[in-house]
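At position 104 of the sequence shown (counting the first as 1) the number is 104 in full-length UniProt numbering, and the numbers step up by one without a gap.
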Amino acid sequence: MSFRINASKKTNVVTYYEVHDPQYGLLSPLSPTPLVVRHVQYPSLHHYFLCERFKGSPAEQWISEATTVWALDRLVKSAEAEGYQHSNWNKLKVDVMLLGTYLKFKQNEAARAVLLNTQSSVLLYHTATDDFWGDGGDGKGKNVLGVVTMAVRARLQADQERQQQLGKHGEANTRGAKAGGAAARA
């Protein structure tokens, strides 16, 4: 799963990575946007993702309580050295990210508004340190997080359209019922 960007057509591309970016910071998996998965609250998408990576190990609890990116990084390195990573993590990680990303944006109105405001733009997770989840800094990475986030956006847009359609049908049914009731009384 990768998404290549044609450099000559970057007019409709939203790049994101930095949590403190005033426009797109809420798209970052590191943004302090709590999410609840299976009755457990995580401080961010990144926390959830890492807890799933080390699920069932002592590292899961440590990671869930980490308060800084630096602490998360240190704990992940320690958990890797101890061999705590889920045995088939590489097969699970995209599905875990998809679920977490969906729940993050479904549960947080401000983050959802930022995501939906990107409309049909290509979302590019721009980081030189990751060529799987991001673009590798040079646009040659797989941008899997960008692709996952675009899939979540499409789902949320479809949900929003469905709700609007249900609202319109509900209003029409209510008006029809009121008119029918008035006719019956006459």
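By construction, the Cβ of each residue, glycine as well, lies at the ideal position given by its N, Cα and C atoms.
Predicted, not measured: the structure shown is a model, and the values here were computed from it.
- Excluding residues up to 5 positions away in sequence, V152 lie with their Cβ nearer than 6 angstroms to the Cβ of Y102 in the same chain.
- Looking only at E18, P29, H20, N143, the smallest Cα-Cα distance to F105 is reached by P29.
- Going by C-alpha positions, L115 is about 8 angstroms away from L26.
- At a Cβ-Cβ threshold of 8 angstroms, D130 and K140 do not count as neighbours.
- In its chain, beyond the 5 residues on either side, I63, L72, V76 have a beta carbon closer than 7 angstroms to the beta carbon of L50.
- If you look at V94, you'll find it in the alpha helix (DSSP H) that goes 89-107.
- S120 sits exposed, since fewer than 16 C-beta atoms from the chains shown fall within 10 Å of its C-beta.
- Of R155, R162, G137, Y125, the smallest CA-CA separation from Y24 is found for Y125.
- In this structure, V14 keeps its C-beta atom at 8 angstroms or more from the C-beta atom of L98.
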